[in-house]
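Trainee: I'd like to ask you about the structure that follows.
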Amino acid sequence: MNKTLRHAVTLLLAGLVLVLGASAASADNGPIKLEVTGDGGHNVNVVATWKNGKPVEEIVEATLTAKSADGRSFGPVRLMSASEGQNVYQPAEPLPNGEWNVTVTATKPSKAQAKTKVTAQDLAASPMAAAEAATRDRVAAADSDDSTDSSLLKIGLIVLVAVLALGAFAVIMRRRGLYARR
1130 MNKTLRHAVT
1140 LLLAGLVLVL
1150 GASAASADNG
1160 PIKLEVTGDG
1170 GHNVNVVATW
1180 KNGKPVEEIV
1190 EATLTAKSAD
1200 GRSFGPVRLM
1210 SASEGQNVYQ
1220 PAEPLPNGEW
1230 NVTVTATKPS
1240 KAQAKTKVTA
1250 QDLAASPMAA
1260 AEAATRDRVA
1270 AADSDDSTDS
1280 SLLKIGLIVL
1290 VAVLALGAFA
1300 VIMRRRGLYA
1310 RR
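Next up, the structure:
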């Protein structure tokens, strides 16, 4: 392979690495936003997104505290990754029955705080709440799958364009006589 072709291939591969690296790094900068909702039962769902709306793919370190109107307190309880989605978190312990003013405080990957009111109750007491929680779970799982599919599609398209560009470059070099087999 002659020197010009080697340089072109090196530049193409370096550009590909920069594009892939830049897109991965750009998604994970800046402040995060927390959305806190009750699940209709004794649990709380916390969805972590970057301010640009993309899901936080890093591990979020956060705690939940709660105060009731009658003076009871709950927490701090550490949040754990939930099975509902990549950027969904739940407290390690369920909330006791009652009306709660919930505060979630994140420290990593950036500081954030969110507050909401939640009613914790047995799901048997509220069939509508159970149906709403199941719908939210399906939506969160579908959103997580969509973002993964979108990322894989983007990477595939970038690789395809790079291969086509390299092939076109080789054909041009061969026709101009700069690419000679030795």
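The opening position of the sequence shown corresponds to residue 1130 in the working numbering, with each subsequent residue numbered one higher. For glycine and all other residues, C-beta sits at the position ideal for the given N, C-alpha and C. Everything numeric in this text was worked out from a predicted model, so none of it was measured.
For residue 1207, name the three-state secondary structure that DSSP assigns.
Mentor: Strand, per DSSP.
Trainee: Kindly identify the DSSP beta-bridge partner or partners of residue 1219.
Mentor: Its beta-bridge partners are 1209.
Trainee: With a threshold of 6 Å, establish whether the CB of residue 1218 neighbours any heavy atom of the ligand FMN.
Mentor: Absence of the ligand FMN is noted for the structure shown, with no ligands found whatsoever.
Trainee: Looking at residue 1178: is its Cβ nearer than 7 Å to the Cβ of residue 1232?
Mentor: Result no, Cβ atoms of residue 1178 and residue 1232 do not sit closer than 7 Å.
Trainee: What residue range is occupied by the uninterrupted beta strand (DSSP E) comprising residue 1197?
Mentor: Segment 1190-1197, the beta strand (DSSP E) holding residue 1197.
Trainee: Could you pull the start and end residues of the beta strand (DSSP E) that residue 1230 belongs to?
Mentor: Run containing residue 1230: 1227-1237, per the beta strand (DSSP E) assignment.
Trainee: Is the beta carbon of residue 1247 closer than 7 Å to that of residue 1229?
Mentor: Taking 7 Å as the Cβ cut-off, residue 1229 and residue 1247 qualify as a contacting pair.
Trainee: Going by the beta-carbon positions, is the gap between residue 1171 and residue 1223 smaller than 7 Å?
Mentor: Taking 7 Å as the Cβ cut-off, residue 1171 and residue 1223 qualify as a contacting pair.
Trainee: Within its chain, find whatever has a CB closer than 7 Å to the CB of residue 1255; leave out the 5 residues flanking it on each side and keep chain order.
Mentor: Caution applies to residue 1255, whose pLDDT of 49 falls short of 50 and renders its modelled position unreliable; the value that the coordinates give is listed next. Only 1169 meet the Cβ criterion.
Trainee: Going straight from the alpha carbon of residue 1284 to that of residue 1290, what length do you get?
Mentor: Cα-Cα distance, rounded: 10 Å.
Trainee: Please name the residue, chosen from 1303, 1197, 1185, that lies closest to residue 1162 on a Cα-to-Cα basis.
Mentor: Of 1303, 1197, 1185, the residue nearest in Cα terms is 1185.
Trainee: For residue 1238, is the classification buried or exposed, using 16 other Cβ atoms within 10 angstroms of its Cβ as the cut-off for buried?
Mentor: Its Cβ being crowded by 16 or more others within 10 Å, residue 1238 is buried.
Trainee: My understanding is that residue 1227 touches residue 1197, with C-beta atoms under 8 Å, so please give their C-beta distance in whole angstroms.
Mentor: Confirmed, about 5 Å.
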